Amino acid sequence: MSLENIFALIFTLLIYLIMALSFFGWGRALLNLLQPRTLELTNPLLQTGHRKDRGSLNFDKTTQEYEINQSKTVSIWIGWALSILLFQIIHLFLPINIYTTTPIFVIGIVLALTIYRDDIYTLSWLKMRWIAITILLGIAIWISLHAMLTPTNYDTGLYHLNSIRWTNTYPIVPGLGNVHGRLAFNQSFFSYVAALNFFPYFNHGRSLANSFLFLLTFATIFEVLKPYFKQMPLMEKTHH
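So for the sequence shown, my numbering puts the first residue at 3; every next one is plus one.
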């Protein structure tokens with residue numbers, strides 16, 4: 003691996019962190035604004051426990067109370083969706099470039115680091131053991147390296163990159179579909195990719211957009227399975 007690739011990898015990981023903080027800030031702000039009630043969700047991972055009336059230890063209820071606003075990854079997912087909405091509103095009047103999107107990311111980070119600083123200090127990845135942190139970092143490196151490869155999807159060259167460039171260069175253009183039919187496809191995802199281009203200075207948003215979502219999916223799986231892994235030693239003791 004060349005020195006240039008190493009710098010690109012470090013830069014990509016840094017952008018992942020910036021995105022996570024910004025989306026977390028926006029997501030937690032929206033959740034606090036809406037003040038969602040506690041939801042009752044069925045967790046199939048907890049169905050292995052026996053009831054107390056059978057003389058065995060009850061590990062947890064099959065139906066557990068789950069606070070949405072306590073989930074760090076859910077906050078990031080919601081912040082990601084909210085940011086796309088903001089990008090689309092901006093695009094009605096202005097092009098999506100570094101000058102119009104940087105304030106969105108900065109505000110999200112400020113929200114995360116100030117208003118919700120206690121949550122930032124207690125993010126689940128800070129509480130994980132080093133082996134879990136190493137695994138997640140390894141996944142991030144693996145995903146980012148693959149994301150830097152040349153795209154091979156035919157539609158990427160046909161209209162994906164073209165639509166993103168139009169989004170970066172101009173506000174929404176009425177009648178753009180007359181230039182090419184596929185340019186009329188309304189894909190909110192392209193606004194997200196265009197924002198990550200930090201146009202005109204970066205232009206590699208395609209390498210960040212999907213790869214970040216893959217990484218966030220893995221982090222979500224870690225968060226969902228964490229209570230189950232904590233209960234495994236207790237479950238083993240009860241079976242002996």
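Backbone N, C-alpha and C fix where the C-beta goes; we use that ideal spot for every residue, glycine too.
Nothing here was measured: the structure is a model prediction, and the numbers come from that model.
Residue i to residue j span [Cα, whole Å]
| i | j | result |
| --- | --- | --- |
| D55 | K228 | Residue placement at D55 cannot be trusted, given a pLDDT of 42 that sits under 50; the coordinates are not used to answer. |
| H162 | L185 | 8 Å |
| L11 | A149 | 10 Å |
| I78 | L139 | 18 Å |
| F204 | N170 | 12 Å |
| I106 | H93 | 13 Å |
| L147 | S213 | 9 Å |
| I100 | F200 | 4 Å |
| A142 | H182 | 36 Å |
| L1 | N180 | Absent from the model: residue 1. The displayed extent of the chain is 3 to 242, so no value can be given. |
| T103 | A134 | 33 Å |
| A211 | W28 | 18 Å |
| L84 | R119 | 20 Å |
| H52 | V226 | Note that H52 scores a pLDDT of 43, beneath 50, so its modelled location is shaky; the value from the coordinates is reported in the next line. Cα to Cα, H52 sits roughly 21 Å from V226. |
| A31 | S190 | 22 Å |
| A114 | P202 | 27 Å |
Burial state of residue i, where buried means 16 or more other Cβ atoms lie within 10 Å
| i | result |
| --- | --- |
| T50 | Confidence is the limiting factor: at T50 the pLDDT is only 43, short of 50, which leaves the residue's position unreliable, though a coordinate-based value still follows. Per the 10 Å Cβ criterion, exposed. |
| S193 | buried |
| G177 | exposed |
| S4 | exposed |
| F9 | exposed |
Closest residue to residue i among the options (Cα-Cα distance)
| i | options | result |
| --- | --- | --- |
| T222 | V76, I141, E6 | V76 |
| L33 | M3, A22, S73 | S73 |
| N164 | T152, W144, F187 | F187 |
| P153 | V175, S209, F191, L198 | S209 |
| L96 | L15, H206, N7, Y172 | Y172 |
For residue i, the three-state DSSP class (helix, strand or coil)
| i | result |
| --- | --- |
| Q90 | helix |
| L215 | helix |
| P229 | helix |
| G177 | coil |
| H148 | helix |
| M21 | helix |
| S209 | helix |
| T154 | coil |
| F13 | helix |
| L32 | helix |
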